[in-house]
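*Asks:* Shown below is the structure under consideration.
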Amino acid sequence: MRVVNNSWGSTGRFDPQHPINVATKRLADRGIVIVFAGGNEGPAPNTMNPYSLAPWVISVAAGCKLGPDPTNSRVHCVDPLGRDSVLADFSSRGVPGDTMVHPDLLAPGVHTVSTRSSTGAFVSAVALTHDARICAIAPEHVPFYTCISGTSMAAPVVTGVVALMQEAAGGRLRPLEVLQLLQETARPLRGFETWEVGAGYLDAYRAVLAARAR
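For the sequence shown, position 101 (counting from the first letter as 1) is numbered 100 according to numbering that gives the first Met the number 0, and the numbering increases by one without interruption.
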């Protein structure tokens, strides 16, 4: 095992002695990369998932898709300051000027389309219509697919890229090396600050190339 995704969390202050943080530290010390969802309590500052703030953990914020997007995810990324529509309104923010309390980077986490659970509650016709309209899913596929938004969707994107990075590097990368490469290769976001988006938007291609070069 090289990487663990954590699409869950809590609120409050970071406590290094909390059992969750003790456990993730032990995993990191054994060379396992820990990825955590940054939280969905935005846009207010100081709303980060505390488990994502451990220095040995990769904290992921949620952004909108940068390319063509039939789901119109950018309705969640309209910026009150007129900046590019990339940061989700719900994505938790850190503390301005704080070098510890902030996400590490941003990844796609709005209107993520995936398979629908076949064992959950009955899906109403209203819900199906909503999914077809918002998720841009063909009507015949709506009973089987849906979409959802959150940093819990963004974190697995980063986790998958970490797996590709380890494959490219022969599994040699330590957790802090992985974080460093992700941040060095992320796309800077003009006008945004570290407490909002960390190092910028995930660039999977550049991250894997950088890992291969190690």
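The beta-carbon is built from N, C-alpha and C at its ideal position, and this holds for glycine as well.
#1: Just to confirm before moving on: does the CB-CB distance between SER72 and PRO102 stay below 8 angstroms?
#2: Do you know how far the Cα of VAL85 is from the Cα of ARG115?
#3: Using 8 angstroms as the Cβ pair cut-off and three pairs as the minimum, do the stretch 194 to 202 and the stretch 93 to 110 touch?
#4: My output table needs one value for THR23: the three-state DSSP class, helix, strand or coil.
#5: Quick check on the burial criterion: 16 or more other C-beta atoms within 10 angstroms. Buried or exposed for MET0?
#6: Consult DSSP for GLY62 and reduce its assignment to one of helix, strand or coil.
#7: Between THR98, VAL56, PRO18, PRO44, which lies nearest to ARG173 when the distance is taken from Cα to Cα?
#8: How should GLY169 be labelled, buried or exposed, when 16 other C-beta atoms within 10 angstroms of its C-beta is the threshold for buried?
#9: Flag LEU105 as yes when its Cβ comes closer than 7 angstroms to any non-hydrogen atom of the ligand GTP, and as no otherwise.
#10: Mapping DSSP to helix, strand and coil, what is THR98?
*Replies:* To lay it out plainly:
#1: By the CB criterion at 8 angstroms, SER72 and PRO102 fall outside the cutoff.
#2: Taking the straight line from one Cα to the other gives about 26 angstroms.
#3: Contact holds: three or more Cβ-Cβ distances are below 8 angstroms.
#4: If DSSP states are grouped into helix, strand and coil, THR23 belongs with the helices.
#5: MET0 comes out exposed.
#6: The three-state secondary structure of GLY62, taken from DSSP, is strand.
#7: It is VAL56 whose Cα lies nearest to the Cα of ARG173.
#8: Flag for GLY169 reads exposed.
#9: Among the ligands in the structure shown, none appear at all, so the ligand GTP cannot be discussed.
#10: Three-state result, THR98: coil.
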